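Quick notes on the structure that follows.
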């Protein structure tokens, strides 16, 4: 190949018409970890979409064979209209779906928070001390199977208002999983841990903080997850009876107005909110898990 020398720089350059060789093209290969993540995502997503597709197909069949039952398409149109302005206000008894969901979440937060403040410490005490276990276990076995709605009239009688009565119902129904799971987790702690604590002459508070709580944390979080599901389930039924602002009362009001599409939309909203609450608790559990630190 003929080359020409630049007079100023002294660097030889190819003559015109010569083909300049290009550097080889480097193909960027995907890492095995990336491929595994994609495959894992596909293995999870494809069955989920198939399940949703099956649900929509059964829904369409039910709408075809049932008079007055809305189709998925008509429900989607109603959802677009509903979510166009979810936080509108047109008087105290006519508010958007967003305000109703927030009102229900507020009641759940109050009742669930009180249940956690009572249930987790009580579970530690029941699991730690045999006398307290024998004292409270019969009461828990007696009260736990009671239907959630059976507690609502008691709350109305005690508080004379619907608002505290709903939170009371959530509290009394969601406290039991936290008590039972925490107590069972304390009972399953290896005896060697407690023997070491006795040898070191640790105080009861130190045993609770340094030994019992880290070991019982998975059981506590399991009880918390069960309780939040029960709390969200109970509030919908309680609001149907007490009325006022809330997703439960909104469903009942839409039924009285024969807006079945909005009822189906509310069912989806309830499921999504419950899923987000559970996933949020799982995220907090992974963040504060002592095993990962």
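Numbering (the working numbering), first residue to last: 96 to 388. Backbone N, C-alpha and C define an ideal beta-carbon position, used for all residues, glycine too. Just so we're clear, the structure is a prediction, and the values are computed from it rather than from any experiment.
Limits of the unbroken alpha helix (DSSP H) element including residue i
{"i": "residue 134", "result": "127-160"}
{"i": "residue 282", "result": "257-282"}
{"i": "residue 223", "result": "192-223"}
{"i": "residue 335", "result": "308-337"}
{"i": "residue 51", "result": "Residue 51 is absent from the model: the chain starts at 96 and stops at 388."}
{"i": "residue 288", "result": "286-294"}
{"i": "residue 63", "result": "The question about residue 63 has no answer here: the residues shown for the chain are numbered 96 through 388."}
{"i": "residue 348", "result": "342-351"}
Pair within 8 Å by beta-carbon distance, residue i and residue j
{"i": "residue 164", "j": "residue 157", "result": "yes"}
{"i": "residue 275", "j": "residue 235", "result": "yes"}
{"i": "residue 332", "j": "residue 206", "result": "no"}
{"i": "residue 303", "j": "residue 211", "result": "no"}
{"i": "residue 177", "j": "residue 192", "result": "yes"}
{"i": "residue 320", "j": "residue 370", "result": "no"}
{"i": "residue 257", "j": "residue 186", "result": "no"}
{"i": "residue 139", "j": "residue 222", "result": "no"}
{"i": "residue 372", "j": "residue 323", "result": "yes"}
{"i": "residue 271", "j": "residue 239", "result": "yes"}
Span separating the alpha-carbon of residue i from that of residue j
{"i": "residue 358", "j": "residue 328", "result": "16 Å"}
{"i": "residue 261", "j": "residue 368", "result": "18 Å"}
{"i": "residue 203", "j": "residue 318", "result": "16 Å"}
{"i": "residue 217", "j": "residue 365", "result": "30 Å"}
{"i": "residue 374", "j": "residue 171", "result": "26 Å"}
{"i": "residue 83", "j": "residue 190", "result": "Nothing about residue 83 can be read from this structure; the chain reaches only from 96 to 388."}
{"i": "residue 51", "j": "residue 335", "result": "Residue 51 is absent from the structure shown; the chain starts at 96 and stops at 388."}
{"i": "residue 308", "j": "residue 219", "result": "9 Å"}
{"i": "residue 427", "j": "residue 251", "result": "Summary: the structure shown does not reach residue 427, with the chain confined to residues 96 through 388, and so no result is reported for it."}
{"i": "residue 149", "j": "residue 247", "result": "38 Å"}
{"i": "residue 351", "j": "residue 182", "result": "22 Å"}
{"i": "residue 56", "j": "residue 130", "result": "No answer is possible for residue 56: it lies beyond the span of the chain, which begins at 96 and ends at 388."}
{"i": "residue 288", "j": "residue 337", "result": "49 Å"}
{"i": "residue 301", "j": "residue 310", "result": "13 Å"}
{"i": "residue 354", "j": "residue 133", "result": "42 Å"}
{"i": "residue 299", "j": "residue 128", "result": "47 Å"}
{"i": "residue 208", "j": "residue 200", "result": "12 Å"}
{"i": "residue 180", "j": "residue 161", "result": "31 Å"}
Assigned secondary structure, residue i (DSSP; H/G/I helix, E/B strand, else coil)
{"i": "residue 388", "result": "Bear in mind that a pLDDT of 42 at residue 388, under 50, signals an unreliable position, so the number given afterwards is only what the model happens to contain. In the structure shown, residue 388 sits in coil (DSSP, three-state: anything other than H, G, I, E or B)."}
{"i": "residue 476", "result": "Outside the shown range of the chain, which is 96 to 388, sits residue 476, and nothing can be said about it."}
{"i": "residue 229", "result": "helix"}
{"i": "residue 239", "result": "coil"}
Beta carbon proximity, residue i to chain D, threshold 8 Å
{"i": "residue 140", "result": "The structure shown has no chain D; it contains just one protein chain."}
The stretch 256-271 contacting the stretch 230-243, beta-carbon criterion three pairs below 8 Å: yes
Inter-stretch contact at 8 Å, needing at least 3 Cβ pairs: the stretch 342-358 / the stretch 193-204: yes
The stretch 312-321 touching the stretch 275-285, judged by at least three CB pairs closer than 8 Å: yes
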